[in-house]
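Numbering (numbering that gives the first Met the number 0), first residue to last: 0 to 359.
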Amino acid sequence: MIRIVATLYALRTVWALCLAFGLGALLIAFSGGNSLSAYSALIEGAFLDYWGISGTLVKMSPILLAGLAVILSLRGGLLNLGVEGQIYMGGLFSSIVALYVTGLPTLLHLILAILAGALAGGAWGMIAGILKAKRGINEVIVTLLLNFVAINLVSYFAGGPMMQDGAPYPYSEEIPEGLFLPIIMPMTDAHLGVVLGVMLAIVLWLLLRSSTLGFGLDLVGRNPQAAQYAGVNVGRTVIMTMFLSGALGGLAGSFEVLGLKHRLYHLFSAGFGYDGIVVAFMSQLNPLMSVVAAFFLSGLKSGALMMQRAIGLESTVVDAVIGIVIICVAASQAFVFKADQWRAWFAKRQRLDAALAAHP
């Protein structure tokens, strides 16, 4: 019986999806649409169609990297709400290196632009890490506020010193074509960034699972006092965790500029940093599962456009359906299987049944 209960818990995401799609179907029906046609269009437009899959992969690149950034910080006992700002800083500095550094071989120039984005995001995240380690200032507040600073900095540069002459909207010159990330699906926008993101998910999983660095980070996240007693430098680990988390966010911004936008735009991120929080909780802080969670969330966002066009739903209804799915899936992760409690409950039930059978 315990195995049956454990299996039901393991499938909790499936039950959550069934509930979410059921509630979404009711909402679509109340709005005058056909829920079956809507969901068919969503699934086909996100996961079964060549162009739909490419759109899903395009969105998956920044969402996956943002999710990995949040996972890394949470595993270290910190909550990095500033991934959005780190995405912007990564995009800004990758653009600066791509546009204003000259005379380098193309491959070296591309690597340098990517590294600049990662270092910029890492430095932006490290601000909160230093304040947390040295002054005990809450990293949630600092990272959240730094988002607005980063967004406005990018807006200043995109609409000021870096703005293309005569541009109708705040954006920079286009980066050299040789610095575009390679396309992985011909005739689409799907680029190498998503492949690199999956590779980084595997690296992070191995790092957290099999390295002394990962052990120390996990130990600080679970019990800083015990980590200090065991000889781990807690302050240095906090700073390093926020730097690495920020670097992943910076890479998301770098890949978005080098792989898709090809120039620095004002407000170029569509809230990917906040999507990363959803991915982190959906994957239960597992870097490998974050690949699946990011693909699913990206598919929802990509397929939603097809769903809207297929049956003419209002965009607010589509957004509400996506929100219901995300809430249900995220909430399902709160249900954790506790074998000892269930064994105790079944043992108590057996004793009660035996007592009732002995005294009919």
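The C-beta atom is built at its ideal place from N, Cα and C for all residues, glycine as well. Fair warning: this is a prediction, and the values are worked out from it, not measured in the lab.
| Own chain, CB closer than 6 Å to ALA119, minus 5 neighbours either side, in chain order | Along the sequence shown, one-based indexing puts residue 119 at 120. So the qualifying residues of the chain are MET88, GLY89, PHE92, GLY249.
| message | Using a Cβ-Cβ distance cut-off of 8 Å, determine whether SER34 contacts chain D. | response | In the displayed structure, chain D is absent; only one protein chain is listed.
| query | With distances taken between CB atoms, is the gap from ILE323 to LEU299 smaller than 8 Å? | reply | Position 324 of the sequence shown, counting from 1, holds the residue named residue 323. Position 300 of the sequence shown, counting from 1, holds the residue named residue 299. Not in contact: ILE323 and LEU299 (Cβ atoms no closer than 8 Å).
| request: Take every Cβ of the stretch 261-278, pair it with every Cβ of the stretch 12-24, and state whether three or more of those distances are shorter than 8 Å. | output: no
| field | CB of MET125 within 8 Å of CB of ILE238, strictly | value | The residue given as residue 125 occupies position 126 in the sequence shown. The residue given as residue 238 occupies position 239 in the sequence shown. A contact, by the Cβ cut-off of 8 Å.
| query | Quick one, are the C-beta atoms of ALA293 and MET59 less than 8 Å apart? | reply | Translated into positions along the sequence shown, residue 293 becomes position 294. Translated into positions along the sequence shown, residue 59 becomes position 60. Yes, the pair counts as a contact, with Cβ atoms nearer than the cut-off.
| Is the beta carbon of GLY84 sitting closer than 8 Å to the one on LEU130? | One-based indexing of the sequence shown puts residue 84 at position 85. One-based indexing of the sequence shown puts residue 130 at position 131. For GLY84 and LEU130, no; Cβs fall outside 8 Å.
| message | With three or more beta-carbon pairs closer than 8 Å as the criterion, would you say the stretch 93-104 touches the stretch 171-181? | response | yes
| Which residues does DSSP pair with TYR264 in a beta bridge? | For the purposes of this step, residue 264 is taken as the residue at position 265 of the sequence shown. TYR170, per the DSSP bridge assignment.
| message | For the alpha helix (DSSP H) containing GLN85, name the first residue and the last one. | response | Position 86 of the sequence shown, counting from 1, holds the residue named residue 85. It spans 82-99 - the alpha helix (DSSP H) in which GLN85 sits, taken as one unbroken run.
| message | Within 10 Å of its beta-carbon, does LYS260 have 16 or more other beta-carbons around it, so buried, or fewer, so exposed? | response | Taking the first residue of the sequence shown as position 1, residue 260 is located at position 261. Counting Cβ neighbours within 10 Å, LYS260 comes out buried, since at least 16 surround it.
| The alpha helix (DSSP H) enclosing GLU138, as first and last residue numbers | Counting from one through the sequence shown, the residue named residue 138 turns up at place 139. Here the alpha helix (DSSP H) through GLU138 covers 138-158.
| Does the stretch 197-214 come within contact of the stretch 31-42, defined as at least 3 CB pairs closer than 8 Å? | no
| query | Straight-line CA distance for GLY252 to LEU111? | reply | By one-based count along the sequence shown, residue 252 stands at place 253. By one-based count along the sequence shown, residue 111 stands at place 112. C-alpha separation (whole angstroms): 14 Å.
| field | DSSP state of ILE129 mapped onto helix, strand, coil | value | As a first step, residue 129 must be located in the sequence shown, where it is residue number 130. DSSP places ILE129 in helix when its eight states are reduced to three.
| task | Give the straight-line distance between the Cα atoms of ILE325 and SER331, rounded to the nearest whole angstrom. | result | Along the sequence shown, one-based indexing puts residue 325 at 326. Along the sequence shown, one-based indexing puts residue 331 at 332. So the two alpha carbons sit approximately 10 Å from each other.
| request: Identify whether MET162 lies in helix, strand or coil by the three-state DSSP scheme. | output: Within the sequence shown, residue 162 is the residue found at index 163, counting from 1. Strand.
| field | Residues near ALA28 in its chain [Cβ-Cβ closer than 8 Å; skip 5 each side] | value | Within the sequence shown, numbered from 1, the residue matching residue 28 stands at position 29. Cβ within range, chain order: SER34.
| Across which residues does DSSP place ILE182 in a beta bridge pair? | Here the question's residue 182 lines up with position 183 in the sequence shown. Per DSSP, HIS190.
| field | N-terminal and C-terminal residue of the alpha helix (DSSP H) that SER244 is part of | value | As a working note, residue 244 is residue 245 in the sequence shown. Segment 233-255, the alpha helix (DSSP H) holding SER244.
| Given a threshold of 16 other Cβ atoms within 10 Å of its Cβ, counted over all protein chains shown, does SER36 qualify as buried or as exposed? | Along the sequence shown, one-based indexing puts residue 36 at 37. By the 10 Å Cβ count, SER36 comes out exposed.
| message | Taking the straight line between their C-alpha atoms, what separation do you get for VAL335 and PRO169? | response | Counting from one through the sequence shown, the residue named residue 335 turns up at place 336. Counting from one through the sequence shown, the residue named residue 169 turns up at place 170. Roughly 47 Å separates the two Cα atoms.
| query | Would you say CYS327 and ALA19 are within 8 Å of each other, going by their C-beta atoms? | reply | Position 328 of the sequence shown holds residue 327. Position 20 of the sequence shown holds residue 19. For CYS327 and ALA19, yes; Cβs fall inside 8 Å.
| said: Tell me the residue span of the alpha helix (DSSP H) that contains LEU47. | reply: For the purposes of this step, residue 47 is taken as the residue at position 48 of the sequence shown. Counting along the chain, LEU47 falls outside any alpha helix (DSSP H), and DSSP gives it neither H nor E.
| task | Tell whether a beta-carbon distance below 8 Å holds between PHE280 and ILE86. | result | By 1-based counting over the sequence shown, the position of residue 280 is 281. By 1-based counting over the sequence shown, the position of residue 86 is 87. The answer is no: Cβ separation not under 8 Å.
| query | With DSSP run on the structure shown, which of helix, strand or coil describes VAL69? | reply | The residue labelled residue 69 in the question sits at position 70 within the sequence shown. Residue state, collapsed to three classes: helix.
| said: The alpha helix (DSSP H) that contains PHE29, what's its start and end? | reply: Stepping through the sequence shown from its first residue, residue 29 is reached at position 30. Where PHE29 is concerned, the enclosing alpha helix (DSSP H) stretches over 11-29.
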